[in-house]
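Q:
In the UniProt record's numbering, the protein residues as written are 1 to 712.
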């Protein structure tokens with residue numbers, strides 16, 4: 001709160017605190033918002049002309065662009081000055097629930113127990129291990145708090161430990177562009193070797209000779225992972241051998257090791273097609289062998305066991321995927337034999353292989369299911385889960401020769417647990433339960449359920465919901481509606497300690513499982529992409545209408561949030577149905593879809609033609625243009641909006657939300673607030689420290705609670 005003069009104190013005493021906040025907010029709106037200058041750019045495609053007045057913002061090296069972004073940040077700071085004290089309070093509240101000196105459950109790999117831990121008041125993790133036993137002396141491999149010193153952003157890439165346990169390849173990103181510098185550390189002496197490899201994905205895979213590793217490099221412009229190299233320890237990266245170049249611009253490539261440790265595997269994938277190559281890890285200088293050549297529309301993934309590969313695939317019209325089996329010497333698709341058949345009602349999501357068992361991760365009617373099966377088929381059963389708002393998943397299981405399955409479980413009202421389950425005896429040991437500190441949390445104070453809205457085409461849309469037991473379901477309560485719904489990614493209902501700050505202040509929180517994700521199977525995804533993408537937007541809007549009609553909330557108290565492709569969803573709904581929402585949060589939003597998908601130099605563009613369509617084809621151009629948020633900004637009232645981006649975002653470039661906000665400012669006919677918050681040091685994932693990221697959430701929640709007059 002800003003300082004109060006005597007007149008304001010009298011005013012505060014005469015009205016409610018909520019009313020005061022509303023009055024204060026309206027006064028802040030009068031401060032003049034930045035108006036970006038217009039430099040018309042003529043964009044022509046398929047004889048269609050678009051005039052983009054803010055195309056010039058597409059240049060982070062231009063001082064005028066930086067000045068404009070800084071003006072937006074200054075405006076954001078002015079508009080939210082009255083909330084700073086509450087933001088700090090909210091941050092401390094959320095932080096107080098977190099066990100600061102926390103650690104992960106150790107997992108065993110090649111004779112060592114590996115774990116990650118945090119120390120009190122420190123932002124970054126410490127990666128450690130213990131030899132032989134869980135209570136052996138700790139060996140600190142990487143203290144990211146030390147490595148991050150002097151950097152505004154820091155991320156440690158995937159760690160790869162050599163087979164003799166002595167060396168680690170690790171990646172470092174200090175810019176937030178997801179371009180990692182690879183280095184090698186001797187875990188025995190602590191020395192970091194002079195080997196350095198730039199512009200990688202951050203991960204690497206050791207061959208079994210303990211001196212050779214494979215890694216993926218990125219195209220320096222598009223950031224597409226397109227090359228796999230072989231590096232020999234002690235040699236210059238300039239002499240590394242290119243073992244594979246993925247020259248199809250719609251594919252990315254990556255490299256990993258089979259759980260059996262027998263093979264190094266190179267994968268290539270696009271949205272609809274995949275292909276693999278493999279070689280024996282004992283012979284890293286050999287040539288990679290194609291597993292089965294790519295066929296457009298054929299997706300598959302592989303796992304090795306004994307003398308066979310197990311192939312999860314959509315072959316022969318298996319929309320929800322099936323499991324097939326093939327001899328490791330004859331891996332072409334014509335030799336694949338059915339092992340687990342396709343099921344119309346069950347989506348096969350993954351398979352995990354152990355010496356005596358394999359575990360299927362399935363999804364039926366939106367719910368996670370884990371099925372355990374003995375290789376000799378003498379026994380099979382599902383793990384029991386008893387509600388509709390949970391998430392269950394196979395956790396870290398690198399040990400092949402074990403009868404213990406480690407899995408995770410949480411629900412909207414239940415903190416997460418890591419559980420070791422003996423697949424033979426069926427004994428369960430809870431290795432860790434998430435602690436919610438502060439002494440105020442009681443899961444019995446919260447309610448969750450799943451409800452179904454009816455879409456305009458008659459399809460039923462599932463909605464997961466959680467709220468405090470004292471929250472009224474009479475249309476007067478605030479509700480935050482969240483969704484992602486793209487790329488077939490399924491956002492399962494999950495527990496959040498941070499979310500408690502909303503629930504305890506009377507908010508209902510919902511996750512809309514709209515088409516575009518795979519919550520109800522592969523077809524659910526197929527019906528929410530390409531020329532059916534608008535189903536995602538109308539599903540979300542129809543869910544909003546359902547929540548209003550059924551008295552969970554009202555348009556005066558309904559809020560929406562989404563990030564990245566979910567930010568595209570936010571941009572679409574404020575064009576299509578702005579009257580339904582009092583406020584919208586759009587984080588790193590993908591809103592300039594036509595321009596981005598026509599620019600093949602932008603990261604992700606070519607690899608996503610199978611998701612959005614290729615606008616170089618007229619049919620897709622016209623369809624994308626019909627919903628692209630930036631292209632469809634019109635002169636009408638918009639809700640209160642809070643837009644977030646990062647200057648170094650490699651996934652959704654900062655200029656997309658920058659152009660969008662600039663255009664909104666000249667078209668919106670309301671007096672609602674429009675805030676644009678740019679992190680000048682971060683990228684797509686926001687701040688890197690665990691507590692810095694909480695500050696970003698505190699800003700989002702403050703935006704909502706300020707609008708509701710609940711900053712008390």
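No residue lacks a Cβ here, since even glycine has one placed at the ideal position from N, Cα and C.
Identify, in the order they occur along the chain, each residue of the same chain with its Cβ nearer than 8 Å to the Cβ of residue 436, setting aside the five sequence neighbours on each side.
A: For the purposes of this step, residue 436 is taken as residue 436 along the chain shown, with counting starting at 1. Correct list, in chain order: 97, 415, 497 and 500.
Q: Excluding the 5 residues preceding and the 5 following residue 506 in the sequence, name in chain order all residues of the same chain whose CB lies nearer than 6 Å to its CB.
A: Taking the chain shown and counting its residues from 1, the one referred to as residue 506 is at position 506. The residues are 471 and 477.
Q: Establish whether the CB of residue 351 and some CB of chain B are separated by less than 8 Å.
A: Of the protein chains in the structure, only one exists, and it is not chain B.
Q: Return the first residue and the last residue of the beta strand (DSSP E) that residue 513 is part of.
A: As a first step, residue 513 must be located in the chain shown, where it is residue number 513. Note, residue 513: premise wrong, no beta strand (DSSP E); not H, not E.
Q: Looking at C-beta atoms only, is the number of pairs between the segment 689-698 and the segment 120-135 that lie closer than 8 Å three or more?
A: Segments in contact, yes.
Q: Kindly list the residues whose CB is nearer than 8 Å to the CB of residue 215, restricted to its own chain and excluding five residues on each side of it in sequence; keep chain order.
A: Here residue 215 is taken as the residue at index 215 of the chain shown, counted from 1. Counting only Cβ-Cβ distances below 8 Å, and skipping sequence neighbours, we find 169, 182, 197, 200, 201, 203, 204, 205, 228, 229, 231 and 255.
Q: Going by the beta-carbon positions, is the gap between residue 668 and residue 631 smaller than 8 Å?
A: As a first step, residue 668 is located in the chain shown; it is residue number 668 there, counting from the start. As a first step, residue 631 is located in the chain shown; it is residue number 631 there, counting from the start. Result no, Cβ atoms of residue 668 and residue 631 do not sit closer than 8 Å.
Q: By a C-beta neighbour count over all protein chains shown, 10 Å radius and 16 as the cutoff for buried, is residue 706 buried or exposed?
A: In the chain shown, the residue the question calls residue 706 occupies position 706. Its Cβ being crowded by 16 or more others within 10 Å, residue 706 is buried.
Q: What residue range does the alpha helix (DSSP H) around residue 67 cover?
A: Counting from one through the chain shown, the residue named residue 67 turns up at place 67. Residues 63-79.
Q: Tell me the rounded alpha-carbon separation between residue 475 and residue 619.
A: Here residue 475 refers to the residue found at position 475 when the chain shown is read from its first residue. Here residue 619 refers to the residue found at position 619 when the chain shown is read from its first residue. Cα-Cα distance, rounded: 42 Å.
Q: Quick one: Cα of residue 49 to Cα of residue 602, how far?
A: Translated into the one-based positions of the chain shown, residue 49 becomes position 49. Translated into the one-based positions of the chain shown, residue 602 becomes position 602. Computed Cα separation, rounded: 21 Å.
Q: Between which two residues does the beta strand (DSSP E) carrying residue 450 extend?
A: If you number the chain shown from 1, residue 450 lands on position 450. Where residue 450 is concerned, the enclosing beta strand (DSSP E) stretches over 446-454.
Q: What ranges does the alpha helix (DSSP H) occupy inside the segment 142-204, keeping only unbroken runs of at least 4 residues that lie completely in it?
A: Runs found: 144-147.
Q: What is the DSSP secondary structure of residue 267, reduced to helix, strand or coil?
A: The count along the chain shown starts at 1 and reaches residue 267 at position 267. In the structure shown, residue 267 sits in a strand (DSSP, three-state: E or B).
Q: Is DSSP giving residue 261 helix, strand or coil here?
A: Here residue 261 refers to the residue found at position 261 when the chain shown is read from its first residue. Residue 261 falls in the coil class under three-state DSSP.
Q: Starting from residue 89 and walking both ways along the alpha helix (DSSP H), at which residues does that stretch end?
A: As a first step, residue 89 is located in the chain shown; it is residue number 89 there, counting from the start. Looking at the DSSP string, the run of the alpha helix (DSSP H) that includes residue 89 is 84-96.
Q: Assuming residue 521 and residue 347 are in contact, meaning their beta carbons sit under 8 Å apart, how far apart are those beta carbons, in whole angstroms?
A: The residue labelled residue 521 in the question sits at position 521 within the chain shown. The residue labelled residue 347 in the question sits at position 347 within the chain shown. 5 Å between Cβ atoms; contact.
Q: Count the other C-beta atoms from every protein chain shown that fall within 10 angstroms of the C-beta of residue 29, then say buried if there are 16 or more, exposed otherwise.
A: Taking the first residue of the chain shown as position 1, residue 29 is located at position 29. Low local confidence applies: a pLDDT of 45 at residue 29 is under 50, so the model's placement there is unreliable, with the coordinate-based value given in what follows. Exposed, by the Cβ-count rule.
Q: So, is residue 560 buried or exposed, given that buried needs 16 or more other C-beta atoms within 10 angstroms?
A: In the chain shown, residue 560 corresponds to position 560, counting from 1. Looking at its Cβ environment, which holds 16 or more other Cβ atoms inside 10 Å, residue 560 is buried.
Q: Which first and last residues belong to the alpha helix (DSSP H) in which residue 322 is found?
A: In the chain shown, the residue the question calls residue 322 occupies position 322. Counting along the chain, residue 322 falls outside any alpha helix (DSSP H), though it belongs to the beta strand (DSSP E) covering 322-327.
Q: Within a Cβ cutoff of 6 Å, which residues of the same chain sit near residue 23, ignoring the five residues on either side of it in sequence?
A: Position 23 of the chain shown, counting from 1, holds the residue named residue 23. Caution applies to residue 23, whose pLDDT of 44 falls short of 50 and renders its modelled position unreliable; the model cannot decide the point.
Q: Within 8 Å, do at least three Cβ pairs link the segment 61-72 to the segment 80-100?
A: No contact exists between the segment 80-100 and the segment 61-72.
Q: Need the endpoints of the beta strand (DSSP E) that residue 338 sits in, please.
A: Sequence index remark: in the chain shown, residue 338 carries index 338 (1-based). Element bounds for residue 338: 337-340.
Q: Would residue 543 and residue 456 qualify as a contact pair, given that the criterion is a beta-carbon distance under 8 Å?
A: Reading the chain shown from its first residue, position 543 is the one you call residue 543. Reading the chain shown from its first residue, position 456 is the one you call residue 456. Result no, Cβ atoms of residue 543 and residue 456 do not sit closer than 8 Å.
Q: When the Cα atoms are used, what is the spatial distance from residue 621 to residue 614?
A: Numbered from its first residue, the chain shown carries residue 621 at position 621. Numbered from its first residue, the chain shown carries residue 614 at position 614. Rounded to the nearest angstrom, the two C-alpha atoms are 7 Å apart.
Q: Can you tell me the Cβ-Cβ gap for residue 115 and residue 103, rounded? I've got them flagged as a contact below 8 Å.
A: Looking up residue 115 in the chain shown gives position 115. Looking up residue 103 in the chain shown gives position 103. Between residue 103 and residue 115 the Cβ distance is about 6 Å, and since that is below 8 Å, they are a contact.
Q: Taking 7 Å as the limit between beta carbons, can you name the residues of its chain near residue 396, skipping five residues before and five after?
A: Taking the chain shown and counting its residues from 1, the one referred to as residue 396 is at position 396. Closer than 7 Å at the Cβ level, and outside the excluded window around residue 396, lie 107 and 406.
Q: Helix, strand or coil for residue 42? Go by DSSP, reduced to three states.
A: As a first step, residue 42 must be located in the chain shown, where it is residue number 42. Looking at residue 42 - three-state DSSP - the assignment turns out to be strand.
Q: When you compare only the Cα positions, how much space is there between residue 702 and residue 458?
A: As a working note, residue 702 is residue 702 in the chain shown. As a working note, residue 458 is residue 458 in the chain shown. C-alpha separation (whole angstroms): 37 Å.
Q: For the alpha helix (DSSP H) containing residue 464, list its first residue and its last residue.
A: Here residue 464 refers to the residue found at position 464 when the chain shown is read from its first residue. Counting along the chain, residue 464 falls outside any alpha helix (DSSP H), though it belongs to the beta strand (DSSP E) covering 460-468.
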